[in-house]
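In the UniProt record's numbering, the protein residues as written are 1 to 517. Think of the CB as a built atom: it goes at the ideal place given N, C-alpha and C, for glycine as much as any other residue. Working notes for the structure below.
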Amino acid sequence: MVGSGSRESSSVSERPLLFGHTSGSRPSSPVYNEKQSTAQSSSFWKQASYAASKTSARAISRIVRGLAKSITKCLTPSAPAETSRTASYDGLRGVACLVVFNFHFLYPYTHTITYGYGGVNEDVATRFPHQLPFLCLLVRGRAMVTLFFAISGFVLSHGFLGAVRSGRLTDAVSRLSSLAIRRWLRLFAPASISMMLVCLSSYVGAFDRGYEFQEGEWLTGMWEEHPPRYTTLRMQLLDFWAEWWAWSSPFRWSFYFGYYDPHTWTIPVEFRGSMVLFLVLLATAGLKPRWSFGIMFLVTGYCLSRELWEVATFTGGALVAHLHQATAARRSSRQLLPNQSVSTSTSVGSSQADALFGLHIVAFLFSLFLLSFPDDGAGETPGFRWLESIAPLNYASAREFWQPFGAVFILCSVEHLHSLRTALSSPLPQYLGKISFAFYLVHGPLLHSAGMALQPTLWTYIGGGSEELSDAHWLGGLFIGWMTMLTLSIAVGHLFWLMVDLPLVRATRWLELKARK
């Protein structure tokens with residue numbers, strides 16, 4: 001997702017290499033005298049090459065076997081006792097991350113994924129099934145980012161609110177302090193490492209094919225910025241430092257889309273939203289639950305009115321956590337009450353349960369409809385024109401106002417729909433939720449490098465040039481590319497989770513313990 005946010009100019013004066021060509025001539029190679037070569041040296045290099053290729057094949061085979069074993073272990077269902085109370089929300093995060101991948105994969109190849117069905121547009125077709133409400137959520141990536149923020153707000157505040165309700169205020173404050181101390185490292189350290197890898201990969205030319213793709217005939221969707229390539233490693237690192245310094249500022253309220261991975265614009269947003277949430281939670285910790293909920297509600301409304309939809313989504317997730325804890329408290333109190341008349345309680349309870357179930361189904365469908373709000377052309381799209389017309393005028397895009405409501409409402413529905421909660425707690429969504437952060441960080445650079453190199457090759461192999469390619473061949477090549485890049489992104493994401501994300505989580509906890517002793 002590329003935005004129009006301002007970017008600070010880098011102090012680096014050297015021109016980047018867009019296509020991997022140096023601005024000057026290459027140093028001449030030393031002349032090799034074939035007469036000096038001998039049969040013995042030729043035999044040596046053949047043996048060395050064979051040994052190296054054999055060793056590489058063994059190493060790759062071991063990595064693949066270890067990766068498959070690790071993924072299989074993660075997909076094995078855990079015991080019910082080990083299941084977290086927020087497990088279904090972790091699964092929802094994993095599903096949302098998969099949708100974000102779908103969106104970014106299709107982004108360079110079609111404009112249709114940002115428009116709704118039946119809209120009036122002369123340049124973009126609007127009669128495809130994937131543009132229909134609900135079905136479009138398979139590719140509505142920006143709505144899923146909003147859902148990320150709501151889930152983060154819920155998960156970060158859930159344990160704190162539970163401790164406050166049970167009277168363990170000291171424990172609650174200690175928990176909040178721990179979250180606040182570790183939050184910067186938890187978010188920025190993995191993202192900084194992934195961006196550094198992008199920087200080094202760009203220096204060796206990993207994104208050259210991406211530049212060629214975006215200048216060629218295969219780009220039929222949206223253009224997205226690639227990392228620059230410089231002639232020297234020093235200049236590459238200086239440019240990365242300037243870009244990282246601007247991106248990592250927690251005091252910038254505009255969205256910053258850095259070219260070393262534009263998708264990491266969400267990281268500073270997550271951090272700012274977390275800090276605002278922690279401040280409100282701490283300020284209301286000593287209040288009665290109703291007062292605490294009311295103040296959080298007012299903060300959410302104020303943020304929405306000030307166009308801070310991302311912060312409002314965080315605090316909206318905390319509102320759902322409030323309701324979740326209140327529901328759990330009511331259930332606990334009912335179990336402590338003496339038994340009522342069996343016939344009366346059963347009949348009344350059954351009718352109330354049916355009514356509530358129907359209400360939660362309606363709320364769930366309505367939340368999906370709001371999340372289906374088109375990124376573009378909503379004012380000309382049937383079903384969304386009225387919502388577009390009543391959105392506050394200070395919003396540049398009405399989706400930024402309506403999609404937070406959808407994200408918060410869907411969190412409310414998850415708690416009360418048992419079948420949905422069960423599905424999200426199944427092994428595959430749980431696995432995707434477990435690696436979701438790593439998956440999110442690696443998928444963009446992989447799509448910009450390997451993806452944009454692979455997709456034109458697939459289409460050329462299947463049906464020739466872009467003008468001769470039929471719709472069936474185009475869709476077939478796109479599906480093969482999607483499957484290939486999804487598999488690669490999950491595999492690399494799993495490795496990043498094992499080798500970077502998990503060790504950093506342990507390191508931040510160790511550092512916190514050392515600081516507390």
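{"Check": "C-beta contact flag for residue 359 and residue 370 at 9 Å", "Outcome": "no"}
{"Check": "Residue 136, DSSP secondary structure in three states", "Outcome": "helix"}
{"Check": "Residue 211, DSSP secondary structure in three states", "Outcome": "helix"}
{"Check": "Identity of the residues DSSP links to residue 376 by a beta bridge", "Outcome": "115"}
{"Check": "Beta-carbon proximity check, residue 180 vs residue 274, cutoff 9 Å", "Outcome": "yes"}
{"Check": "Reduced DSSP category for residue 307 - H, G, I as helix; E, B as strand; rest coil", "Outcome": "coil"}
{"Check": "N-terminal and C-terminal residue of the alpha helix (DSSP H) that residue 494 is part of", "Outcome": "471-496"}
{"Check": "Alpha carbon of residue 480 to alpha carbon of residue 446, nearest angstrom", "Outcome": "16 Å"}
{"Check": "Cα-Cα separation between residue 162 and residue 277, rounded to whole angstroms", "Outcome": "16 Å"}
{"Check": "Closest by C-alpha distance to residue 173, when choosing among 138, 137, 159, 293", "Outcome": "159"}
{"Check": "Any 3 or more C-beta pairs closer than 8 Å across the segment 120-133 and the segment 281-294", "Outcome": "no"}
{"Check": "Residue 267 burial status per 10 Å Cβ neighbour count (16 or more: buried)", "Outcome": "buried"}
{"Check": "Simplified DSSP state of residue 159, which is helix, strand or coil", "Outcome": "helix"}
{"Check": "Pick from 377, 489, 421 that is closest to residue 131, judged by C-alpha positions", "Outcome": "377"}
{"Check": "Span separating the alpha-carbon of residue 463 from that of residue 475", "Outcome": "11 Å"}
{"Check": "Three-way DSSP call (helix, strand, coil) for residue 400 in this model", "Outcome": "helix"}
{"Check": "Test item: CB-CB of residue 448 and residue 210 under 9 Å", "Outcome": "yes"}
{"Check": "The segment 490-498 touching the segment 243-250, judged by at least three CB pairs closer than 8 Å", "Outcome": "no"}
{"Check": "Environment of residue 236 [buried if 16+ CB atoms lie within 10 Å]", "Outcome": "buried"}
{"Check": "Cα-Cα separation, residue 206 to residue 457", "Outcome": "16 Å"}
{"Check": "Straight-line Cα distance separating residue 356 from residue 512", "Outcome": "44 Å"}
{"Check": "9 Å Cβ cutoff met for residue 424 and residue 414", "Outcome": "yes"}
{"Check": "Chain D contact for residue 103 (CB, 9 Å cutoff)", "Outcome": "Looking at the structure shown, chain D is missing, and only one protein chain is on hand."}
{"Check": "Bounding residues of the alpha helix (DSSP H) (the contiguous stretch that carries residue 177)", "Outcome": "169-203"}
{"Check": "Inter-residue Cα distance where the pair is residue 279 and residue 460", "Outcome": "55 Å"}
{"Check": "For residue 407 and residue 146, believed in contact at Cβ under 8 Å, the rounded distance", "Outcome": "5 Å"}
{"Check": "Contact under 9 Å by Cβ, residue 291 with residue 108", "Outcome": "no"}
{"Check": "Test item: CB-CB of residue 411 and residue 151 under 9 Å", "Outcome": "yes"}
{"Check": "Distance CB(residue 195)-CB(residue 240) smaller than 9 Å", "Outcome": "yes"}
{"Check": "Where residue 129 falls: helix, strand or coil (DSSP)", "Outcome": "helix"}
{"Check": "Start and end residues, alpha helix (DSSP H) containing residue 88", "Outcome": "87-106"}
{"Check": "Residue 314 vs residue 134 beta-carbon contact at 9 Å", "Outcome": "no"}
{"Check": "Cβ shell of residue 298 (< 6 Å), same chain only, five flanking positions each side left out", "Outcome": "none"}
{"Check": "8 Å contact criterion, which residue 327 and residue 316 should meet: CB distance rounded", "Outcome": "That belief does not hold up - the Cβ atoms of residue 327 and residue 316 are roughly 17 Å apart, past 8 Å."}
{"Check": "Residue 471 burial status per 10 Å Cβ neighbour count (16 or more: buried)", "Outcome": "exposed"}
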